[in-house]
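In my numbering, the protein residues as written are 137 to 448.
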Amino acid sequence: MKTFLFLISTLGLSALGLAGATYAAAPAAHPIEVALTFDDLPVHGKLPPHMNRFDVMEKILTTLKKNDQHDVFGFINASTIAGISDREEALRLWAKEQRLANHTFSHPDLAGTTSTKYLADMLLNEPFLKKFSLPGQDWKWFRYPFLGEGDSLAKRNFVRKGLKDNGYRIAEVTTDFSDWSWNSPYSRCMAQGDSDGVAELKESYLHAAVSRLHYADQMSQLVFGRSIPQILLMHVGAFDAEMLDDMMAAYRAEGVTFVTLEQAASDPAYAQDPGFASADAETFLSQWMKVKKLPFPAVDKIPAGQLSKTCL
């Protein structure tokens with residue numbers, strides 16, 4: 137596995153011929169900017185033995201610091217704190233080194249509630265953002281749970297107006313490889329001491345991360361005629377903490393430069409609203425693809441079936 141990761145960091149997945157072997161999206165022939173963002177602070181996914189939420193957060197933050205990443209936003213759901221010490225400590229640690237932002241209090245799906253209740257839930261998060269953020273930190277960025285921006289245009293527009301009236305900017309997502317789906321099998325493998333299973337998870341995780349990035353870049357080219365800065369959705373899971381450094385190395389091998397959310401969102405593309413209503417999870421780019429009725433690039437699905445069977 138170490139040899140595999142060395143080759144990735146030296147040559148990149150596309151140079152090894154591995155990206156096309158598992159996923160159909162072709163590598164970009166130009167630099168790509170990527171902003172890292174993390175959802176569901178302070179709790180996401182199952183934990184392997186002998187690890188708590190503070191441990192996960194500390195490991196992610198150590199990797200970000202090693203890679204000279206600053207002003208990385210972590211979007212919180214304060215309902216998961218519940219006065220539990222390692223969760224509160226994890227949030228304080230994140231706020232000390234990076235940034236916090238709003239992901240609603242209880243992570244509701246906008247398609248399953250009213251616009252008024254949804255905005256009220258968002259506002260319930262604010263006392264906790266004020267409590268845990270450092271003085272002067274700007275936490276008025278909002279990330280939609282489940283990437284659901286409204287199952288009707290009326291609902292979408294109502295919530296957008298409410299966010300704007302409360303001083304929020306929307307943190308869109310352009311690339312997402314369902315990183316969360318590796319956390320449960322990783323916990324199972326670690327509990328069983330299955331090193332081969334963990335190695336398989338590491339390989340498939342890197343495949344998905346790189347290929348889905350190129351997939352998003354291809355959509356960017358189709359929609360905007362150029363590469364816009366990509367905003368990557370990740371989660372504060374145990375396997376994310378384990379893989380973040382390797383994933384960033386693989387991205388750099390593919391020509392990626394890392395930027396902040398604020399830098400990425402300053403691109404003029406993000407000032408445009410596709411005005412797309414759907415009950416499904418949609419990235420900013422997939423919304424535009426459907427609005428413009430463009431054919432999606434070919435890409436294989438995330439190996440959910442394989443992951444669900446790993447280390448069972």
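Even glycine gets a Cβ: it sits at the ideal position worked out from N, Cα and C.
Report task. Look up Gln366 in the DSSP assignment and give the residues it is bridged to. Result -> Val170
**Report entry** Alpha-carbon to alpha-carbon, Leu265 and Lys437
**Finding:** 36 angstroms
Query raised in the report: Across which residues does DSSP place Thr393 in a beta bridge pair?
Result: Glu169
Query raised in the report: When the Cα atoms are used, what is the spatial distance from Asn213 to Ser314?
Result: 19 angstroms
Query raised in the report: Whose C-beta lies closer than 8 angstroms to the C-beta of Asp403 among residues of the same chain, with five residues either side of it excluded?
Result: Ile364, Pro365
Query raised in the report: Taking DSSP as the reference, what is the three-state secondary structure of Leu448?
Result: coil
Requested in this report: Kindly list the residues whose CB is nearer than 7 angstroms to the CB of Asn261, restricted to its own chain and excluding five residues on each side of it in sequence; keep chain order.
Outcome: Ile212, Ala214, Asn238, Thr240, Phe241
Query - Inside the segment 314-378 only - beta strand (DSSP E) runs reaching at least 3 residues - result: 366-371
**Report entry** Run of the beta strand (DSSP E) containing Leu227, from where it starts to where it stops
**Finding:** Run containing Leu227: none in the beta strand (DSSP E); it sits in the alpha helix (DSSP H), 221-233.
Query raised in the report: If we call anything under 8 angstroms between Cβ atoms a contact, is Leu368 one with Thr311?
Result: yes
Query raised in the report: Should Val179 go down as buried or exposed, given a rule of 16 or more other Cβ atoms within 10 Å for buried?
Result: buried
Query raised in the report: Is the CB-CB distance between Val170 and Tyr387 below 8 angstroms?
Result: yes
Report task. Please list, in chain order, all residues of the same chain as Gln328 whose beta carbon is under 7 angstroms from its beta carbon, the five residues on each side excluded. Result -> Cys447
Query raised in the report: Which value, in whole angstroms, describes the spacing of the CA atoms of Arg292 and Ala307?
Result: 15 angstroms
Query raised in the report: Ile196 lies in the alpha helix (DSSP H); which residues open and close that run?
Result: 189-202
Query raised in the report: Is there contact here, the segment 426-437 with the segment 294-308, by at least three beta-carbon pairs under 8 angstroms?
Result: no
Query raised in the report: According to DSSP, which residues form a beta bridge with Leu177?
Result: Ile212
Query - Arg388 (DSSP reduced to helix, strand or coil) - result: helix
Query raised in the report: From Gln408 to Tyr254, what distance separates their C-alpha atoms?
Result: 23 angstroms
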